[in-house]
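Okay, so here's the structure we're looking at.
Numbering (this note's numbering), first residue to last: 5 to 132.
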């Protein structure tokens, strides 16, 4: 009986430890659309202008295929980012006429904001 209680207590404490504890949000202008790859995995099949991805803390390689509204060409913007536990990192694609787009860090939100807790704001993909 003691072993069963101890095992149940261990399972309850291990669950939150393995949960998502950080996220990345990327936005572009309304005239543009983008596809986001995180560590080589495509997170939105349909091009959109806002993507939010939940994840664990660590280093990520972000690649954004974005349509430049000035010259109507697709560009690939690559950047390595470090995500820490307990925060949502907000990035924005900045465009300049005659230059390549850039990924710029804008803000950092704590995890327990209403954005992070609303599951409808995240892209969900079936596991294969």
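The beta-carbon is built from N, C-alpha and C at its ideal position, and this holds for glycine as well.
Quiz item: By how many angstroms is the C-alpha of residue 34 removed from the C-alpha of residue 132?
Solution: To locate residue 132, count along the chain shown from 1; it is residue 128. To locate residue 34, count along the chain shown from 1; it is residue 30. Residue confidence for residue 132 is low, a pLDDT of 47 falling below 50, so the modelled location carries little weight; the figure read from the coordinates is stated next. Roughly 32 Å between the two C-alpha positions.
Quiz prompt | At least 3 beta-carbon pairs within less than 8 Å: the segment 56-71 vs the segment 35-44 | solution = yes
Exercise. State the DSSP-derived secondary structure class of residue 115, mapped to helix, strand or coil.
Key: Sequence index remark: in the chain shown, residue 115 carries index 111 (1-based). Coil.
Quiz item: Hey, residue 98 and residue 89: beta-carbon distance below 7 Å or not?
Solution: Along the chain shown, read from residue 1 onward, the residue named residue 98 stands at position 94. Along the chain shown, read from residue 1 onward, the residue named residue 89 stands at position 85. Not closer than 7 Å, so no.
Quiz item: Identify the residues that DSSP records as bridge partners of residue 59: which are they?
Solution: Residue numbering aside, residue 59 sits at position 55 when the chain shown is read from its first letter. Answer is 26, bridged to residue 59.
Practice problem: Under the assumption that residue 64 contacts residue 30 (Cβ atoms under 8 Å), give the Cβ distance between them as a whole number of angstroms. | Solution: On the chain shown, residue 64 is found 60 positions in, with the first residue counted as 1. On the chain shown, residue 30 is found 26 positions in, with the first residue counted as 1. Incorrect: roughly 11 Å between the Cβ atoms, too far for contact.
Quiz item: Exposed or buried, residue 26, counting other C-beta atoms within 10 Å across all chains shown (16 or more means buried)?
Solution: Your numbering for residue 26 matches position 22 in the chain shown. So residue 26 counts as buried.
Self-check item: Under 7 Å between C-beta atoms of residue 37 and residue 71
Solution: Here residue 37 corresponds to residue number 33 of the chain shown, with the count starting at 1. Here residue 71 corresponds to residue number 67 of the chain shown, with the count starting at 1. Yes.
Quiz item: residue 69 by DSSP, collapsed to three states: which one?
Solution: Here residue 69 is taken as the residue at index 65 of the chain shown, counted from 1. The answer is strand: DSSP assigns residue 69 an E or B state.
Quiz item: Is residue 93 buried or exposed, if buried means 16 or more other CB atoms sit within 10 Å of its CB?
Solution: The residue you call residue 93 lines up with position 89 of the chain shown. So residue 93 ends up on the buried side.
Quiz item: Is DSSP giving residue 34 helix, strand or coil here?
Solution: Within the chain shown, the letter at position 30 stands for residue 34. Looking at residue 34 - three-state DSSP - the assignment turns out to be coil, as it is neither helix nor strand.
Practice problem: Return the chain-ordered list of same chain residues with a C-beta closer than 7 Å to the C-beta of residue 48, the five sequence neighbours on each side being excluded. | Solution: For this step, residue 48 is matched to residue 44 along the chain shown. Here the set comprises 39, 40, 55, 127.
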